[in-house]
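In our numbering, each residue's number is its place in the sequence shown (first place is 1) plus 119.
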Amino acid sequence: MAAALEIKNLQAWYGESHILHDVNLTVAPGEVVTLLGRNGAGRTTTLRAIMGLTGTRKGSIKINGVEAIHLPTYKVAHLGVGYCPEERGIFASLSAEENLMLPPFVSKTDRGMSIDEIYEMFPNLEERRSSQGTRLSGGEQQMLAVARILRTGAKLLLLDEISEGLAPVIVQALARMITTLKAKGYTIVMVEQNFRFAAPLADRFYVMEHGQIVETFAASELGNKMPVLHSLLGV
Ligand SMILES: Nc1ncnc2c1ncn2[C@@H]1O[C@H](COP(=O)(O)OP(=O)(O)OP(=O)(O)O)[C@@H](O)[C@H]1O
Ligand SMILES: [Mg+2]
């Protein structure tokens, strides 16, 4: 079976700034992979490069075996990729439910989650279904942002710092959400600063520094890697 995501020698630029230098990263179908790194390491840029949202890209990005390096963003999405950016992008003037009704289906084969399935997974979104985007708490907005990409039928989820700035109880709810999505067969790439959140969820870890992958290891190696992580990330 083809990898859900196979990135080889990826380079990316923002204008003249060369940000990613030969990033190599592979994610198997159904895997949860976490991309760790200090501020400015290039983790967001990696997700944006996958989506075709940076400047020039070079190298190879295969999604389920299909080369995507030259595809525009909407075509990448149509390969079944859902990107949840750090800024979430909730429509403030629309209600929670209206936000959930907007996304198009991106996949011909995978149907997106129904509104009922979404509310089963996020009961507090159902309670808040009529509330305007701006009136939702940070945690509710984050759940809505993830729920919205689940509506599209995307099976490869790129999640940028979803736990950032949220209360511990919400972070726990997000951890349960990741576990549920993994059980449902989703493939997940999570960019995280919050190591404690990511550590118990991920099958494998990549560490970035200066636009390159400097470490990669499986969850089973986490114990042995703690000293390295401590020096790379200060965790
Ligand atoms: N739009 C942009 N134009 C030019 N340079 C950028 C742009 N966005 C990011 N950069 C630069 O690219 C590098 C990598 O940034 P990136 O956002 O990928 O980091 P990150 O690992 O996500 O860290 P964090 O989210 O903590 O800032 C940084 O040096 C940053 O200054
Ligand atoms: Mg970032």
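Positions of the beta carbon are idealized from the N, C-alpha and C atoms, including for glycine.
Going along the chain, which residues of its own chain have a beta-carbon closer than 8 Å to the beta-carbon of residue i, five neighbours each way excluded?
i: S212; result: Q251, G252, T253
i: S249; result: S214, A215, E216
i: E340; result: none
Of the residues the options, which one's Cα is nearest the Cα of residue i?
i: K127; options: H137, V142, F224; result: V142
i: A147; options: I180, L351, M120, Y202; result: M120
i: G184; options: G174, L263, V195, V152; result: V195
i: V347; options: L129, L293, G156, Y238; result: G156
i: L351; options: F316, G208, E328; result: E328
i: T145; options: R323, Q260, E125, G159; result: E125
i: T163; options: H189, A131, E236, D235; result: A131
i: I234; options: T228, L244, S226, K227; result: L244
i: G258; options: I237, A286, P242, E246; result: A286
i: G304; options: D229, Y238, R247, S136; result: D229
Are residue i and residue j touching if we call contact CB-CB under 8 Å?
i: G330; j: I182; result: no
i: E280; j: V310; result: yes
i: T165; j: L172; result: no
i: M296; j: V265; result: yes
i: L263; j: N218; result: yes
i: E334; j: Q312; result: no
i: F316; j: V354; result: no
i: G199; j: A273; result: yes
i: R176; j: I188; result: yes
i: I180; j: L129; result: yes
On the three-state DSSP scale, how would you describe residue i?
i: D322; result: coil
i: D229; result: coil
i: E283; result: coil
i: M262; result: helix
i: M120; result: coil
i: S256; result: coil
i: N143; result: strand
i: I182; result: strand
i: M309; result: strand
i: R248; result: coil
i: T299; result: helix
i: K274; result: coil
i: E334; result: strand
i: H137; result: strand
Once you ignore the five residues that flank residue i on each side, which residues in its own chain have a CB closer than 6 Å to its CB?
i: I268; result: G201, C203
i: E205; result: D279, E280
i: K344; result: F336
i: D322; result: E150, V151, A338
i: I307; result: V151, L276
Skipping 5 residues on each side, what residues in its chain have a beta carbon closer than 7 Å to that of residue i?
i: Y133; result: T173, G174
i: T192; result: M170, G171, L172
Is any non-hydrogen atom of ligand 3 found closer than 7 Å to the C-beta of residue i, if you look at the structure I gave you?
i: A160; result: Annotation note on ligand 3: not contained in the displayed structure, which lists ligand 1 and ligand 2 as its ligands.
Any residue whose CB is nearer than 7 Å to a heavy atom belonging to ligand 2, listed in chain order = R162, T163, E205, D279, E280, V310
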